[in-house]
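Note sheet for the following structure.
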Amino acid sequence: MRLQPLTICEKAVITEALKSGKRFDFRHLEEFREVRLIVGAEVGTAICSIGNTKVMAAVSAHIAEPSPMRPHKGVINIDVDLSPMANYANEHDRLGSKGMELIRLLELIIRDSRCIDVESLCIRAGKEIWKIRVDVRVLDEDGSLLDCACLAAITALQHFRRPNVTLEPHHTLIYSEYEKAPVPLSIYHMPICTTIGLLDKGQMVVIDPTDKEAACLDGSIVVACNKRKEVCALHQSTNLVLSTKQIERCVKLAMSRAEALTVVVSDVIKQDQKERSAYKRPEGFAITVPELILTAGTAAARQLHPDVKEEPMEEETRQPRAYQPSVILN
Amino acid sequence: MTIYLPGDVVNEPSSSDSSIIGYGINVRGETKVASQPGVYRSDEGKMWLNVHSKRYIPQEGDRVIAIVTSKTGDFFRLDIGTAEYAMVNFTNFEGATKRNRPNLKTGDIIYASVFDTTPRTEAELTCVDDEKRARGMGQLNGGFMFNVSLNHCRRLIHPECKILQTIGKFFKFEITVGMNGRIWMNAAGVDDIIKIHDVIVKSEFVKEDDELINLVQNGYTRSVSD
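Top line first, the protein sequences correspond to chains E and P. Residue numbers for the first sequence, in full-length UniProt numbering: 1 to 330. Residue numbers for the second sequence, in full-length UniProt numbering: 1 to 226.
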């Protein structure tokens, strides 16, 4: 399926609004959308949403043989799924140019910035290593996709615990979580992405653009950095010529963002750990379920609260009715 | 209130004398079958299902907002939010002849009504009625277009719906609601457009009148730039 084309009137109004510093969601040009970060009941899963953009990441590990070139280093694989659910212009199982850009940048940020200690993933040099797989699943798309995907992946990696192992002379023992506490990955730093839209040939910056805004912009620059003020990746999506000053400004913005988000991620992880160590059952993704699901019943203005007709029925048929209260109440 | 799921036979006492079958119901010979999950509604010879959806399925007689995507031969190719493109003939505009063609560019939007939805072909639209008069249809100039869910669109144009009336007490604006979930509107400035856009999008989940008035009032007094 194709995407709804951008109309001339939309582009004119959004550009005019942006140039006068106004946005359709009442944000400033240099204001971010609200970030929601939720870790799942399973270790190594996280959902991150920035505005309407929503990405889920899941981390898993299994034992594999290392490559002969790097016999004592673990492997991190990143897999991205851009489903038609997120944006119906996406095709199932085919990444397209946007997906390729996303997966390359995630690899650059997570693997090539060496934020994870791959040597600690080695079990037996040249024989057995841990292979970490990060599945990034895009659930909804509304701009700043890379920020969201990166944050979800980093949180999931922080949340992940791999099974504990002990080495015996001829075999390796893998313990379940009930026998020996699982081990977290050793993560050196948390690279955090920030998408900065550029308007007016880079004269103006629009932070965290939505999909519609991004379509009206001249281009965007993505800066990944960590709280120690190190730039891990810099990516510009269009061939716009930017001056050093402009890039420096973007990097500065990204650094303050990275500091703020690092605190959020570590808070979420700490909170989860506290609850787990108190043997509290983790709530997981249940809290992400929206309260307002159906609005069809409210459509006719006068029949906002129709009386629910309780039809007399037998005990057996009464049972399935209980499964659809949201439909009736709405 | 009755809820139908796709495939259910619509068996309402009032359905026998309904002459106009609306959204979500298919007629198969004598029986009427629901094609969408939704709440049954009927009104003076009309019946339809109220469905929460965002994907538009063309129905004859619907007024929709279409985006021009290209010109091919005698037709403009339009995007109306359906799986396939729709078409409109050059001559189906008010005052248009073979020589005097309407000047539409890619990305322009028009308000048109659906008049042919033969299965397995592209839907055909027209910007004139049977008397070759536009009656409000045609190109929409300036303004801003955005999408909401289809049932919110139906609610907005319901005669007893208070949303647009209430907004009208605070703002001066023009609005066109397409049945395909698109809304075009124009107001005095960008500030007003942003505010009205916000109010309309948020009003989808508003139920009570007081709540609605509060929402519009807050939208009116809110400043866009801070």
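All C-beta atoms in this analysis are idealised placements derived from N, C-alpha and C, irrespective of residue type, glycine included. No experiment lies behind these values; they were computed from the predicted model shown.
Residue-level contact to chain E via CB, residue i, 7 Å cutoff
{"i": "Val224/P", "result": "yes"}
{"i": "Ile67/P", "result": "yes"}
{"i": "Asn218/P", "result": "no"}
{"i": "Ile213/P", "result": "no"}
7 Å Cβ cut-off: residues of chain P touching residue i
{"i": "residue 331/E", "result": "Since the first and last residues shown for chain E are 1 and 330, residue 331/E lies out of range."}
{"i": "Phe24/E", "result": "Ile194 and His197"}
Under 7 Å by beta carbon: chain E residues contacting residue i
{"i": "Met145/P", "result": "Thr7, Cys9 and Glu10"}
Chain-ordered neighbours of residue i on chain E, where CB pairs are closer than 9 Å
{"i": "Asp108/P", "result": "Thr7, Ile8 and Cys9"}
{"i": "Asp79/P", "result": "Arg2, Gln4 and Pro5"}
{"i": "Gly142/P", "result": "Cys9, Ala12 and Val13"}
{"i": "Ala83/P", "result": "Met1"}
Where the beta strand (DSSP E) containing residue i begins and where it ends
{"i": "Ile174/E", "result": "Thr172 to Ile174"}
{"i": "residue 416/E", "result": "The displayed coordinates of chain E run from 1 to 330. Any statement about residue 416/E would go beyond what the structure contains."}
{"i": "Ala14/E", "result": "A small fix is needed here, since residue 14/E is Ile in this sequence, not Ala. Looking at the DSSP string, Ile14/E is not in any beta strand (DSSP E); the run it does join, the alpha helix (DSSP H), is Ile8 to Lys19."}
{"i": "Ala86/P", "result": "Ala86 to Asn89"}
{"i": "Tyr279/E", "result": "From DSSP, Tyr279/E is part of no beta strand (DSSP E); its letter is neither H nor E."}
{"i": "Thr166/E", "result": "Val165 to Leu167"}
{"i": "Leu125/P", "result": "Ala123 to Thr126"}
{"i": "Ala112/P", "result": "Ile109 to Asp116"}
Residue i at chain P interface by Cβ criterion, 7 Å
{"i": "residue 349/E", "result": "Nothing can be reported for residue 349/E: it is not among the residues displayed for chain E, which extend from 1 to 330."}
{"i": "Val43/E", "result": "no"}
{"i": "Val206/E", "result": "no"}
{"i": "Val59/E", "result": "no"}
{"i": "Val231/E", "result": "no"}
{"i": "Val223/E", "result": "no"}
{"i": "Val13/E", "result": "yes"}
{"i": "Asn52/E", "result": "no"}
Start-to-end residues for the alpha helix (DSSP H) that takes in residue i
{"i": "Asp209/P", "result": "Asp209 to Thr221"}
Check: residue i C-beta below 6 Å from any heavy atom of the ligand ADP
{"i": "Val75/E", "result": "For the ligand ADP, the structure offers nothing, since it holds no ligand at all."}
Residue ranges of each alpha helix (DSSP H) run of no fewer than 4 residues wholly in the UniProt domain "Exoribonuclease phosphorolytic" (31–163) of chain E, ordered along the chain? Fully enclosed alpha helix (DSSP H) runs of 4 or longer: 96–106 and 145–159.
Could you give the uninterrupted runs of the beta strand (DSSP E) lying entirely in the UniProt domain "Exoribonuclease phosphorolytic" (189–256) of chain E, keeping only those of 3 residues or more? You should have 192–199, 204–207, 219–225 and 231–236.
At least three beta-carbon pairs within less than 8 Å, the segment 31–47 of chain E to the segment 129–144 of chain P: No contact exists between the segment 31–47 of chain E and the segment 129–144 of chain P.
3 or more residues per run - each beta strand (DSSP E) lying fully within the segment 132–201 of chain P: Under the rule that a run must span 3 or more residues, the beta strand (DSSP E) segments found entirely inside the segment 132–201 of chain P read 138–140, 144–147, 173–177 and 182–187.
If you pair each beta-carbon of the segment 18–37 of chain E with each one of the segment 197–204 of chain E, do three or more pairs fall below 8 Å? The segment 18–37 of chain E makes contact with the segment 197–204 of chain E: 3 or more CB pairs, one atom from each, lie closer than 8 Å.
With three or more C-beta pairs closer than 8 Å as the rule, is the segment 117–133 of chain P touching the segment 21–30 of chain P? Short answer: they don't touch.
How about the segment 97–109 of chain P and the segment 67–86 of chain P: do they share at least three Cβ pairs that are nearer than 8 Å? Under the three-pair Cβ rule at 8 Å, the segment 97–109 of chain P counts as touching the segment 67–86 of chain P.
Three CB pairs or more closer than 8 Å across the segment 76–93 of chain E and the segment 126–139 of chain E: The answer is yes - the segment 126–139 of chain E touches the segment 76–93 of chain E, with three or more Cβ pairs under 8 Å.
With a floor of 3 residues, list each beta strand (DSSP E) that falls wholly inside the segment 21–77 of chain P, ordered by position along the chain. Runs of the beta strand (DSSP E) inside the segment 21–77 of chain P: 25–28, 31–34, 38–43, 46–50 and 63–72.
Three or more C-beta pairs under 8 Å: does that hold for the segment 157–164 of chain E against the segment 177–189 of chain E? With contact defined as three or more Cβ pairs closer than 8 Å, the segment 157–164 of chain E and the segment 177–189 of chain E are in contact.
Could you say if the segment 223–231 of chain E and the segment 264–278 of chain E meet the contact criterion of at least three C-beta pairs nearer than 8 Å? In short, these stretches do not touch, since the Cβ pair count stays below three.
Would you call the segment 68–84 of chain P in contact with the segment 183–199 of chain P, where contact means no fewer than 3 C-beta pairs closer than 8 Å? Touching, no.
The segment 231–250 of chain E in contact with the segment 278–286 of chain E per 3-pair CB rule at 8 Å: The segment 231–250 of chain E vs the segment 278–286 of chain E: no contact.
Do the segment 207–220 of chain E and the segment 138–148 of chain E make contact, defined as three or more Cβ pairs closer than 8 Å? Touching, yes.
Do three or more CB pairs link the segment 250–260 of chain E to the segment 115–133 of chain E at distances below 8 Å? Here the segment 250–260 of chain E does not lie against the segment 115–133 of chain E, with fewer than 3 beta-carbon pairs under 8 Å apart.
Contact between the segment 78–90 of chain P and the segment 47–60 of chain P: three or more CB pairs below 8 Å? Between the segment 78–90 of chain P and the segment 47–60 of chain P, the count of C-beta pairs closer than 8 Å reaches three or more; the two stretches touch.
Looking at C-beta atoms only, is the number of pairs between the segment 166–177 of chain P and the segment 216–225 of chain P that lie closer than 8 Å three or more? With a cut-off of 8 Å on Cβ pairs, the segment 166–177 of chain P is in contact with the segment 216–225 of chain P, counting three or more such pairs.
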